[in-house]
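Structure, as structure tokens:
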Amino acid sequence: MNKLKKLLIYILNIPLYWISCCIPKNKNVWIFGAWFGEKYADNSKYLFEYVNRDHSHVRAVWLSKNKKTVESIRSKGYEVYYTYDIRSILLALKARFSIFVQSNMSDNLMFLNNKNTKLIQLWHGSPLKKIGFDDNIFSNKKKQPLIKQMLFPFIFENYDIIIAQSESDRNIFKSAFNNKNIIITGYPRNDSFFNKKKSYSTKSKIIYVPTFRDNIGSEIDLFTDYNFDINKWQKYLEKNKIVFNIKMHPVNKTSKIILDKLSKSKNINFLDEIDVADTLPNTNILITDYSSIYFDFLLTNKPIIFAPFDYNQYLKKDRELYYDYDEVTPGPKCKNWEEVLKWIEKFNYDSSLYAKEREIVRNRFHKYQDGKSCMRVFEQIVELNKEVRNQ
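Note that the sequence shown covers residues 14 to 404 in our numbering.
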């Protein structure tokens, strides 16, 4: 976003902010969003559908600045509006709760960050990589000028609830967000591990989910330099009836050369528009590097293969880690795709390998393992509403 456009959005939010501060809020109007207003995914989606299904007295509304996303959600029968529709703005002005993953202000409705609208940060994973104020590589820790704070009082998000999965998460979020309102509930999306019907496909499924690298929109190639022999892989996948899914991070792009090369394989799929959380319950083996997705996958007790091919470079260039990598990654660490394929063969023969190590890490990072996280988050929001009413 260029500076002029950003300034214009700030200016447009000034009157809306002061109006929002004065308008009474409706405790039963909850607005939802995720991933910069672009996607219908993650913890927000699962909580949104839970509220619509089990608590019809709440008017749960999704806002998105992606028109395709709006059409898709509307086709499911849910209430959804384009972010810049007048109906979105009117609903946002009277909503008691704004519930989201990532940034509430990414939809440019910055006026939601006011004293009367309660912000519920569902976040998107147990942190392995340093985030927020703890991130020494990319975090902007400079204090904003006082004049900017006075003119645009909505530029800082003050979360009323941040949800977490464990005490380890809670401690990290306190420092990363400089916030004490951390509540351990578990993540809504992980209820699917306990409540979703299993697939009875005859094919085994493997998924590769690398973490975010470089900058937003960067093209990433994690195959060429790490011995990925497409002929060897295709032969193995076809022989063993395995589907190999690849899900890049939402803000990275797959190298066009690699995309063209791998997409020719009948057993390799790129999952671009699919919510990765929907695929995990029916996945047999997860492959990842530094993505926190493996913390969620631990709830399945299925094998995880770690592929930190560029470990030293990643720590230096991209992100530092909160933990000793070997201590919290219960599975083999591979240096290239040839080693990954060997471990797929081993796990297909015996999926119990590393089971004890997975159990130890799972119990450390998941206080709840019961499929009731949506319920707990909902109850915490209701409780927050009681506190507001009693003030």
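The beta carbon of each residue, even a glycine, is placed where N, CA and C say it ideally should be.
Select from ASN349, TYR362, LYS216, LYS315 the residue whose C-alpha is nearest the C-alpha of GLU370. Ranked by how close their Cα comes to the Cα of GLU370, the residues ASN349, TYR362, LYS216, LYS315 have LYS315 in first place.
For ILE44, the nearest candidate out of ILE176, PHE146, LEU122 (CA to CA): LEU122
Going by CA-CA distance only, name the one from ASN297, SER57, LEU17, ASN127 that's closest to PRO37. ASN127
Does any CB atom of chain B fall closer than 7 Å to the CB of THR198? Although the question refers to chain B, the structure presented lacks it and comprises just one protein chain.
Does DSSP classify PHE190 as helix, strand or coil? coil
How do the stretch 127-144 and the stretch 189-209 stand: do at least 3 beta-carbon pairs fall below 8 Å, yes or no? Touching, per the Cβ criterion.
How do the stretch 48-62 and the stretch 104-118 stand: do at least 3 beta-carbon pairs fall below 8 Å, yes or no? yes
For TYR8, the nearest candidate out of TYR53, GLU170, ASP323 (CA to CA): No answer is possible for residue 8: the residues shown for the chain start at 14 and end at 404.
Between the C-alpha atoms of ASP147 and ASP302, what's the straight-line distance to the nearest angstrom? Approximately 20 Å, taken between the alpha carbons.
Counting Cβ pairs closer than 8 Å, one from the stretch 371-391 and one from the stretch 193-208, do we hit at least three? Here the stretch 371-391 lies against the stretch 193-208, with 3 or more beta-carbon pairs under 8 Å apart.
Using the beta-carbon count (16 or more within 10 Å), is GLU358 buried or exposed? In the assembly as shown, GLU358 is an exposed residue. Its beta-carbon has fewer than 16 other beta-carbons within 10 Å.
Whose C-alpha, out of ALA108, LYS399, GLU396, MET388, is nearest the C-alpha of ARG66? If we check each option's Cα against that of ARG66, MET388 comes out closest.
For ALA480, name the three-state secondary structure that DSSP assigns. A query on residue 480 cannot be resolved here, the shown segment of the chain reaching from 14 to 404 and no further.
Given a threshold of 16 other Cβ atoms within 10 Å of its Cβ, counted over all protein chains shown, does PHE169 qualify as buried or as exposed? exposed
With a 10 Å radius around its C-beta and 16 neighbouring C-beta atoms as the bar for buried, classify ARG100 as buried or exposed. Answer is exposed; the Cβ neighbour count stays below 16.
DSSP on GLY46, reduced to helix/strand/coil? strand
When the Cα atoms are used, what is the spatial distance from GLU340 to VAL71? 43 Å
ALA73 lies in the beta strand (DSSP E); which residues open and close that run? 72-77
Smallest Cα separation from ASP204: which of LYS19, ASN39, SER276, SER386? Cα-wise, what sits closest to ASP204 is SER386.
Which of helix, strand or coil does DSSP assign to ILE219? strand
Buried or exposed for PRO343, going by 16 or more other Cβ atoms inside 10 Å? Taking every protein chain shown into account, the CB of PRO343 has 16 or more other CB atoms within 10 angstroms, so this residue is buried.
Rounded to a whole number of angstroms, what is the C-alpha to C-alpha distance between LEU312 and ARG109? Spanning the two alpha carbons is a distance of roughly 33 Å.
Reducing DSSP to helix, strand and coil, say where ILE160 ends up. Looking at ILE160 - three-state DSSP - the assignment turns out to be helix.
Among LYS330, PHE360, ALA54, the one whose alpha carbon lies nearest that of HIS262: ALA54
GLU84 versus GLY90: straight-line alpha-carbon distance, rounded: Going by the C-alpha atoms only, they are around 10 Å apart.
Let's see if you can read the secondary structure: which residues bound the beta strand (DSSP E) around LEU132? 131-134
Would you decide whether ARG87 is buried or exposed? Buried here means 16 or more other CB atoms lie within 10 Å of its CB. exposed
Extent of the continuous alpha helix (DSSP H) to which ARG87 belongs: Where ARG87 is concerned, the enclosing alpha helix (DSSP H) stretches over 80-88.
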